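Chains as they are written, first to last, in my numbering: chain R, 3 to 389; chain E, 1474 to 1826.
Only one structure is covered here, and it is reproduced in the block below.
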């Protein structure tokens, strides 16, 4: 199968792994003093564990799992607001499947559905638009979730709704952007990061230049990577070579999909429909400036926060994480999933405490599903700041 | 196998009026009797006309023989799809549940919960499928029930089949028999049914030629047991796919199981559906695929026997039981890496970005 099998060729993988071993030795990295590489995107976290790359790469590489999982960084209060909107009798609440199991303060969307709320799983905002057309007497709300990968399609659905003058369609906008949390992590004195594997599909939309600050201001290498195992291995090799050579550059391993300047149609739609919020709350990271998007005033008729008077500006909401939940620490790479006291006991995919165990891109879910800690000698679960 | 003689088929005359089931057809009166006779009993021809079927079987009376009894409900949507319909699955599913326990299936019951407004044409199609599949599998549908519920209280039609069979003396297929070193075999490709249903639901705007693998496996199981008499256990890999079946077996047997990613038989179209939607084929439902554990020295014979039957042409070995941690199923990946193959949690959902 084209574009898949070539990137899973075990023979090629062996060659890349051998090259990785060599460069790790040249750097002098060991299990005790590893190179710390953060894969930002949750999809990459899953790919690493699905193909067992964490165990195939040498012990001198430590993968730190970044916050690139849009479901995982949703604060519980946002889920509560979704449930509040969904429980209104006139509302049909449409969401991606992943978000349905995330626990809120009282319940998840899946539990709200069982309690009688009309909540429907959709695969795209265009499905929600169709539901709005077919149900003119109901209010259809789409839970717009995701990084820049999904942001354009939500924008297009809003533009389409405006063209059709639909009065019963709105979006509860939770779109966020990748560069600000990376900057927040780089500014955190506890973080030890030597390089980054950059998100593939986000970059398809925004291109590679938004990451220039990582190399130019913080002096760290970043390689934008595809999702097949060979993509990831090659990207890791490219990061290692930069570290060895003392370079800090933005490189694009996923050039077959990612154009340097991104996708102009998508970027134009995003610019037309959204503006950056002054700040947005991220689970585990707190408030980050200019990291969340809200719908522009021109499209206020399609903004669920305006229609239903919820969310930012509707009043103070600070919801503490449940007892024992360490999602924030895991998401910033401070601890491994197995370092959380609740992992596998109080928090499992069937009964999750936090979003990282629920989302298909969450680090905890990846560990749990693929058995990342199956070996007899687990690596240290807590990261120490290097001197 | 002794069976009471079937009643003579009633002369074909259409008593049902209109095209759809109404609440009257569930009322217990004349309209209901017309529905039952014309749609169901004129086709299934149950023996006798009492509420209960009365059956005798010499095989059941044989010393050491055991009665096997199973039940299953079917709610698949859409009810008709490439490769079958809810009726065909209802027969195959119950026949296969008996077969994987080493039973020779004999008789089925068939109960229908029908939504008001369901078309007679759909019911006739389903019943015809069931009768055809029953004949293929060598079983008879001997009793049943019909209920009609208001529009919205069911989705067109739900079917429940229970099945009885006989396990000959000396046969004892069960997961607990599996030991380290035993080989895991499957009779054919994985994931066809699950992919077909996903595509048929229309949510995904996928266009594909995949068809459900829905088929009865009792003939195949008999052939394998003749060639490999110390076969340990079998399970059909329905909801939750091969991964779920293996997890259940590993847990019950207290063994580990390791499968080989390169050995998994998959159609390119199914691989494509999985890649596009971010699904794992190990978890896709099958309706005509089983996994069977045999002793290593009987594996060749078992495979040969399967490949000689129509339902087993693509039979292959996919892994083996190990002395590893009990209940743990792992997979050797393409790369020689290892990953856990856990039981499915909730429904498999396509990724969002």
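For every residue, glycine included, the Cβ atom is placed at its ideal position computed from N, Cα and C.
Because the structure is a prediction, the values reported are computed rather than measured.
Cross-strand partners of residue i (DSSP beta bridge)
i	result
residue 254 of chain R	R/226
residue 1613 of chain E	E/1580
residue 289 of chain R	R/283
residue 1811 of chain E	E/1805
residue 132 of chain R	DSSP lists no partner for residue 132 of chain R.
residue 94 of chain R	R/142
residue 65 of chain R	R/39
residue 276 of chain R	R/297
residue 349 of chain R	R/345
residue 1789 of chain E	E/1659
residue 1592 of chain E	E/1493
residue 1733 of chain E	E/1805
CB contact below 7 Å: residue i versus chain R
i	result
residue 1810 of chain E	yes
residue 1731 of chain E	no
residue 1734 of chain E	no
residue 1744 of chain E	yes
residue 1818 of chain E	yes
residue 1721 of chain E	no
residue 1414 of chain E	An answer regarding residue 1414 of chain E cannot be provided, because it is not within the stretch 1474 to 1826 covered by chain E.
residue 1813 of chain E	yes
residue 1592 of chain E	no
residue 1511 of chain E	no
residue 1623 of chain E	no
residue 1748 of chain E	yes
Proximity of residue i and residue j at Cβ, strictly below 7 Å
i	j	result
residue 1616 of chain E	residue 1519 of chain E	yes
residue 1713 of chain E	residue 1579 of chain E	no
residue 88 of chain R	residue 134 of chain R	no
residue 1548 of chain E	residue 1631 of chain E	yes
residue 2 of chain R	residue 52 of chain R	No answer is possible for residue 2 of chain R: the residues shown for chain R start at 3 and end at 389.
residue 176 of chain R	residue 147 of chain R	yes
residue 1812 of chain E	residue 1733 of chain E	no
residue 1769 of chain E	residue 1600 of chain E	no
residue 1696 of chain E	residue 1782 of chain E	yes
residue 104 of chain R	residue 360 of chain R	yes
residue 1755 of chain E	residue 1716 of chain E	yes
residue 100 of chain R	residue 362 of chain R	yes
residue 365 of chain R	residue 342 of chain R	no
residue 1707 of chain E	residue 1651 of chain E	no
residue 284 of chain R	residue 124 of chain R	no
residue 1736 of chain E	residue 1730 of chain E	no
residue 1738 of chain E	residue 1787 of chain E	yes
residue 145 of chain R	residue 97 of chain R	yes
residue 1727 of chain E	residue 1653 of chain E	no
residue 38 of chain R	residue 199 of chain R	no
residue 1698 of chain E	residue 1660 of chain E	no
Chain E within 7 Å of residue i, Cβ atoms only
i	result
residue 379 of chain R	Unreliable positioning characterises residue 379 of chain R in this predicted model, as indicated by a pLDDT of 34, which lies under 50. A coordinate reading is not provided.
residue 373 of chain R	yes
residue 183 of chain R	no
residue 69 of chain R	no
residue 193 of chain R	no
residue 105 of chain R	no
residue 10 of chain R	yes
residue 6 of chain R	yes
residue 3 of chain R	yes
residue 384 of chain R	Model confidence at residue 384 of chain R stands at a pLDDT of 33, short of 50, so the residue's coordinates are unreliable; what they give is reported in the following sentence. No, because no Cβ of chain E sits closer than 7 Å to the Cβ of residue 384 of chain R.
The ligand NAP heavy atom lying under 6 Å from the CB of residue i
i	result
residue 1492 of chain E	This structure lacks the ligand NAP, and indeed carries no ligand of any kind.
Original post:
Name the residues in the stretch 205-238 of chain R whose C-beta lies less than 7 Å from a C-beta of chain E; which are they?
Top reply: Result list: 231.
Subject >> Segment contact, 8 Å Cβ cut-off, at least three pairs: the stretch 1563-1576 of chain E with the stretch 1760-1773 of chain E >> reply: These segments touch.
**OP:** Would you list, in chain order, the members of the stretch 348-361 of chain R that have their beta-carbon closer than 7 Å to a beta-carbon of chain E?
**Re:** Using a CB distance below 7 Å, the part of the stretch 348-361 of chain R facing chain E consists of 351 and 352, ordered along the chain.
Original post:
Do three or more CB pairs link the stretch 257-266 of chain R to the stretch 201-215 of chain R at distances below 8 Å?
Top reply: As far as the Cβ criterion goes, the stretch 257-266 of chain R touches the stretch 201-215 of chain R, which means the pair count is three or higher.
Original post:
Just by C-beta distance, which residues in the stretch 1548-1575 of chain E are closer than 9 Å to chain R?
Top reply: Answer set for the stretch 1548-1575 of chain E: empty.
Subject >> Members of the stretch 163-190 of chain R near chain E, C-beta cut-off 8 Å >> reply: Taking a C-beta cut-off of 8 Å against chain E, none of the residues of the stretch 163-190 of chain R qualify.
Original post:
Using a Cβ cut-off of 8 Å, which residues of the stretch 51-62 of chain R contact any Cβ in chain E, in chain order?
Top reply: For the stretch 51-62 of chain R, residues whose beta-carbon sits nearer than 8 Å to a beta-carbon of chain E comprise 51, 52, 53, 54, 55, 57 and 58.
Original post:
Three or more C-beta pairs closer than 8 Å, one from the stretch 242-258 of chain R and one from the stretch 219-227 of chain R: is that the case here?
Top reply: Touching, yes, given that three or more Cβ pairs across the two stretches are closer than 8 Å.
**OP:** Could you run through the stretch 15-39 of chain R and flag, in chain order, every residue whose CB is less than 7 Å away from some CB of chain E?
**Re:** Residues 15.
**OP:** Flag this pair as touching only if the stretch 137-152 of chain R and the stretch 162-179 of chain R have three or more C-beta atom pairs under 8 Å; answer yes or no.
**Re:** Contact holds: three or more Cβ-Cβ distances are below 8 Å.
Original post:
What residues in the stretch 77-96 of chain R bring their beta carbon closer than 9 Å to a beta carbon of chain E?
Top reply: Residues are counted here when their Cβ sits less than 9 Å from a Cβ of chain E; for the stretch 77-96 of chain R the count is zero.
Subject >> Touching by the beta-carbon criterion (3+ pairs, under 8 Å), the stretch 1535-1548 of chain E and the stretch 1636-1644 of chain E >> reply: Here the stretch 1535-1548 of chain E lies against the stretch 1636-1644 of chain E, with 3 or more beta-carbon pairs under 8 Å apart.
Original post:
Looking at chain R, which residues of the stretch 1699-1724 of chain E have a Cβ within less than 8 Å of any of its Cβ atoms?
Top reply: Result list empty, no residue passes.
Original post:
Does the stretch 1576-1592 of chain E touch the stretch 1491-1504 of chain E, meaning 3 or more C-beta pairs lie closer than 8 Å?
Top reply: Yes: the two stretches touch, three or more of their Cβ pairs being nearer than 8 Å.
**OP:** Spell out a yes or no on whether the stretch 1529-1539 of chain E and the stretch 1607-1624 of chain E are touching, meaning 3 or more CB-CB pairs, one atom from each, closer than 8 Å.
**Re:** No, the stretch 1529-1539 of chain E does not touch the stretch 1607-1624 of chain E.
Original post:
Is the number of C-beta pairs between the stretch 1554-1566 of chain E and the stretch 1508-1527 of chain E that are closer than 8 Å three or more?
Top reply: Verdict: no, contact absent.
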